[in-house]
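Colleague:
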Amino acid sequence: CHRTTVKDEL
Amino acid sequence: MNIFRLTGDLSHLAAIIILLLKIWKTRSCAGISGKSQVLFALVFTTRYLDLLTSFISLYNTTMKIIYIGCAYATVYLIYMKFKATYDGNHDTFRVEFLVVPVGGLAFLVNHDFSPLEILWTFSIYLESVAILPQLFMISKTGEAETITTHYLFFLGLYRALYLINWIWRFYFEGFFDMIAIVAGVVQTILYCDFFYLYVTKGESGSNKINPA
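Just so you know, the sequences run in chain order A and B. Quick note: the first sequence, position 4, residue 4 per this note's numbering, numbers continuous. Quick note: the second sequence, position 65, residue 75 per this note's numbering, numbers continuous.
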């Protein structure tokens, strides 16, 4: 898996 | 947002505020590793650069600004305002042994080879080990004040709650971020020994934790 995840965590 | 993440964030906030208030009220930063606090300031700075590029929620933005603000306030209190009380002789962990390998790893293992993503990855890896100078200092002096142990407890609890949050999100949202999870597991493991001491020594009525 080589994809940018959504950074909705702190 | 689930209850584990929310309580995790609040636990993280509690840890940061406890440390800041302790230093402010006692006018002293004795027993606190300035190096760990500088690393945490670096962690927040490199992770929350996305404040400038994307908006997620008011909650998200507010918490990020509070975390960054408190981190720099703590560093300011230790190295400027209450510098005379800073126990630099015992804060001897070599941070370059953390920052350099972590920087290299962030370059090698990341989701996307872009500046913001590499800095985010760097912050995740660095956070997992940023407490080591503090734990090293406690092992060196042989004791930690009660408030300092509360600080460490909430800081460890925060990442442990995030682990449950990630299990929750995997089952209910199909969401998982391998980099965050692996680093989060490492981070939580580093606190395990401390958790054990916190619980056992806490019950014995002693107000000091002696890791030896």
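Ideal Cβ positions, reconstructed from N, Cα and C, are used throughout, including at glycine.
Return the CA-CA distance between E9/A and A170/B, expressed in angstroms with no decimal places.
Modeller: Computed Cα separation, rounded: 14 Å.
Colleague: Following the continuous alpha helix (DSSP H) through M73/B, name the residue where it begins and the one where it ends.
Modeller: First-last of the alpha helix (DSSP H) with M73/B: L68 to Y86.
Colleague: Cutting at 7 Å between CB atoms, please list the residues of its own chain near R37/B, excluding the five before and the five after it.
Modeller: For R37/B, where only same-chain residues beyond five positions count, the Cβ hits under 7 Å are F92.
Colleague: Any idea if A94/B is buried or exposed, counting beta-carbon neighbours within 10 angstroms, 16 or more meaning buried?
Modeller: So A94/B ends up on the exposed side.
Colleague: So, helix, strand or coil for H2/A, using DSSP?
Modeller: Confidence in H2/A is poor, its pLDDT being 45 and thus under 50, which makes the residue's placement unreliable; the coordinate value appears in the next sentence. Correct three-state label for H2/A: coil.
Colleague: Exposed or buried, which one is Y206/B when buried takes at least 16 other CB atoms within 10 Å?
Modeller: It is exposed - the Cβ of Y206/B has fewer than 16 other Cβ atoms within 10 Å.
Colleague: Tell me whether H22/B sits in a helix, a strand or coil according to DSSP, three-state version.
Modeller: Helix.
Colleague: Enumerate in chain order the residues of its own chain whose CB-to-CB distance from V195/B is below 6 Å, with the five nearest sequence positions on each side excluded.
Modeller: Excluding sequence neighbours, V195/B sits near nothing in its chain.
Colleague: For a cutoff of 9 Å on Cβ pairs, would you count S138/B as touching chain A?
Modeller: Not an interface residue.
Colleague: Determine, using beta carbons only, whether A190/B comes closer than 9 Å to chain A.
Modeller: Yes, its Cβ sits closer than 9 Å to a Cβ of chain A.
Colleague: Apart from the five residues just before and just after V48/B, which ones in its own chain have a Cβ nearer than 7 Å to its Cβ?
Modeller: If we look at V48/B and ignore the five residues flanking it on each side, its Cβ neighbours are V85.
Colleague: Assess, as a yes-or-no matter, whether the region 103-123 of chain B is touched by the region 133-141 of chain B under the definition of 3 or more beta carbon pairs within less than 8 Å.
Modeller: Segments in contact, yes.
Colleague: What residues in the region 55-72 of chain B bring their beta carbon closer than 7 Å to a beta carbon of chain A?
Modeller: Residues passing the 7 Å Cβ filter: D60, I66 and N70.
Colleague: Does the beta carbon of W34/B sit closer than 9 Å to a beta carbon anywhere in chain A?
Modeller: Chain A, which has no Cβ nearer than 9 Å to the Cβ of W34/B, makes this no.
Colleague: Tell me, please, whether the CB atom of Y181/B is closer than 9 Å to any CB atom in chain A?
Modeller: False, the Cβ-Cβ gap to chain A never drops below 9 Å.
Colleague: From the beta carbon of N12/B, is the nearest beta carbon of chain A less than 9 Å away?
Modeller: Answer no: the Cβ-Cβ gap between N12/B and chain A never drops below 9 Å.
Colleague: For M90/B, which residues of its own chain have a beta-carbon under 6 Å away from its beta-carbon, when the five flanking residues on both sides are left out?
Modeller: For M90/B, where only same-chain residues beyond five positions count, there are no Cβ hits under 6 Å.
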